[in-house]
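Q:
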Amino acid sequence: MMEKSSIDIFDENYKLITQNIARAAEKSGRKYKDITLLAATKTVDIEVINHAINSGIQFVGENRVQEFLAKYKDFLPVNKHFIGHLQTNKVKDIIDKVSLIHSVDSYRLAEEISKQAKKIGIIIDILLEINIGQESSKSGFYYDEALTAVEKIACLGGVRIKGLMAIPPICENSEQNRHYFAKMKKLFIDIGNKKIDNSSMEILSMGMSDDYAVAIEEGATMVRLGTALFGRRNYNV
Ligand SMILES: *Cc1c(COP(=O)(O)O)cnc(C)c1O
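In this text, residue positions in the sequence shown follow the numbering used here: the first is 11, and each later residue adds one.
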């Protein structure tokens, strides 16, 4: 039997996902167009990424600096986001190449982004990553630190805070994480209500392949999907 091509896998998945997103958006009183679908493209070949862009994907996210730098020049026109843990010494390599950094997980990293942005005379959009499950294995700000972090980082200059990002604990059933997504939404609203200069709560980036529907139902404005779009990753190629 012929194996399905990566292109066919994407086409099938994409159709299904747009339907699922539309349904979840409706459940939260919104529309498909209110949700941004970001394709998480780690390990995905450039041909497949460009096919996805041609098919309508407008946002791609890479989570490794080295892989991003090796690939980004070959992308068709698209919004490029950085979504993975970012080491401070790598900030300067990507800062002029991405339009949003989702994963600002420490004050030290924010300071470095601010410094590098000022150096080249830009203001870069960022999200603060919240460690919503309070997991010691994960980086990010704790729920209770988030407001103070937004206030401090918004003052740095060179950065504009556009919202929050979270990766809840790995779980077997997406329903188990519903309360984390709801907590994120509350935090997002609360911080937005403070009307802090240089920050606006517009983007709530949460939900991955296994739990994006629940995340959207609870208020995500952006979901980051890899496996659900492209199939299982092969790290060996
Ligand atoms: C890989 C990745 C995703 C997508 O993960 P899937 O489970 O494959 O959908 C989302 N966010 C980040 C930060 C990632 O690194």
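Even for Gly, the Cβ is constructed at its ideal location relative to N, Cα and C.
For M232 and G217, what's the separation of their Cα atoms in angstroms?
A: 8 Å
Q: Is the Cβ-Cβ distance between V169 and I140 less than 9 Å?
A: no
Q: Starting from F69, follow its DSSP beta bridges and name the residues at the other end.
A: DSSP output for F69 lists L48, N89 as bridge partner(s).
Q: Can you grab the Cα-Cα spacing for the pair L110 / I201, in whole Å?
A: Distance between the alpha carbons of L110 and I201 is about 19 Å.
Q: Note down, in chain order, each residue of its chain lying with its Cβ closer than 8 Å to the Cβ of E121, except the 5 sequence neighbours on either side.
A: L166
Q: Between the beta-carbon of V75 and the beta-carbon of D103, is there less than 9 Å?
A: yes
Q: Roughly how many whole angstroms lie between the Cα atoms of Q97 and K83?
A: 22 Å
Q: For my contact list, S210 and H112 are in at a C-beta cut-off of 8 Å; report their separation, rounded to the angstrom.
A: At roughly 16 Å, the Cβ-Cβ gap does not stay under 8 Å, so S210 and H112 are not in contact.
Q: Is A32 close to ligand 1? I mean its beta-carbon at under 8 Å from any heavy atom of the ligand.
A: no
Q: With 16 other CB atoms within 10 Å as the buried threshold, where does L48 fall?
A: buried
Q: Could you tell me the distance, in whole angstroms, from the CA atom of T53 to the CA atom of S16?
A: Roughly 12 Å between the two C-alpha positions.
Q: How many Å lie between N159 and A32 at the Cα?
A: Sequence inspection shows Ala at residue 159; the Asn mentioned does not correspond to that position. One C-alpha to the other measures close to 33 Å.
Q: Please classify K172: does DSSP put it in a helix, a strand, or coil?
A: In the structure shown, K172 sits in a strand (DSSP, three-state: E or B).
Q: Out of curiosity, what's the CA-to-CA distance linking Y153 and G131?
A: 32 Å
Q: Taking the alpha-carbon of S116 as reference, which of A127, L137, Y42, I67 has the nearest alpha-carbon?
A: L137
Q: Do the CB positions of I45 and A164 come within less than 9 Å of each other?
A: no
Q: Relative to the C-alpha of K25, which candidate in L239, N244, Y245, G143 has its C-alpha closest?
A: L239
Q: Hey, is S38 close to ligand 3, as in C-beta under 8 Å from one of its heavy atoms?
A: Ligand 3 is absent from the structure shown, which contains only ligand 1.
Q: Could you compute how far the alpha carbon of D207 sits from the alpha carbon of I123?
A: If you take the alpha carbons of D207 and I123, they lie about 18 Å apart.
Q: Please report the straight-line C-alpha distance between V179 and H189, rounded to a whole angstrom.
A: Note on residue identity: the sequence assigns Pro, not Val, to residue 179. If you take the alpha carbons of P179 and H189, they lie about 11 Å apart.
Q: Opposite F20 in the DSSP bridges: which residues?
A: DSSP output for F20 lists no bridge partner at all.
Q: Mind pulling the beta strand (DSSP E) runs of 3 or more residues that sit fully within the segment 169-210?
A: 169-176
Q: Reducing DSSP to helix, strand and coil, say where L79 ends up.
A: helix
Q: Compute every distance between the C-beta of D115 and the non-hydrogen atoms of ligand 1, then say whether any falls below 8 Å.
A: Taking 8 Å as the cut-off, the C-beta of D115 does not count as close to any heavy atom of ligand 1.
Q: Given a threshold of 16 other Cβ atoms within 10 Å of its Cβ, counted over all protein chains shown, does L174 qualify as buried or as exposed?
A: buried
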